[in-house]
Structures are given as C-alpha cells and as structure tokens.
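Numbering (my numbering), first residue to last: -8 to 122.
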C-alpha cells in the first residue's frame, strides 16, 4: 500500500522536488487537522451522558485510530517497507501482552476486604538492614 508514486528513473529537478515536498507538507497539515478534529470529538464524547462501556469503547476506538495515524505518518512508517511495519507491530503486541500480564497480577480478589472497608492497612513490619 503506497500513497506516493514510485521514484522516477531520472533525478528530479528542483521544481519537482519542491512539488513533492509541498505534497508531503499538505498531507501532514491535513493529518494534523484530522487529529485535532478527533481530539475535539473525544472531548465531546467524554461529556456526553452514556453507559460507561459505550464511552470506553468509543474513546479506545478513537485513540487507536489516532495512534495508527501518528505512527504511520509522523513516524514515517507509511514510507517504509512492510517488514518494518510488521516488526513495529510485533513489538507493540509484545508490549501490550506484557502490560496486560502485569495488570492481571493484581486483581480485586487478591486485596484484603478489610483493607477496602477501613481504608487503612496495618503498619508493615519494621525490617532492619542488620536482620
């Protein structure tokens, strides 16, 4: 999936280089405007009364779209070979899996109900360096 034509067989003239850079510049400006509209939409959604699950679904969806746009254009992944995109996504999946695994280590059933009710914990044992 390429968004720009392949480079020509001959070197580009100065005017052709300027035209190509202007095309990229306008793509970045349009993307910035698109992202600002999405940010405004997120703010509107936050203050709209709706079910918590629906709110989270909408916000996560908008965030994923914004994230994809930023990594593709601002990190220039859209201009790279597909292998580099696959490697980036593999690292992202590993990081997300690690985060979810760490978050699953502390679940509500692991917390003492008495701590939740009182809001206080007993003072921890005094440990000394010497033992």
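Backbone N, C-alpha and C define an ideal beta-carbon position, used for all residues, glycine too.
Small disclaimer: the values here were computed from a predicted structure and weren't measured.
{"Query": "Three-pair Cβ contact test at 8 Å for the stretch 46 to 63 versus the stretch 17 to 33", "Result": "yes"}
{"Query": "Where residue 35 sits in the DSSP three-state scheme", "Result": "helix"}
{"Query": "Helix, strand or coil at residue 28 [DSSP, three-state]", "Result": "helix"}
{"Query": "Distance, residue 74 Cα to residue 52 Cα", "Result": "25 Å"}
{"Query": "Alpha-carbon spacing of residue 20 relative to residue 67, whole angstroms", "Result": "15 Å"}
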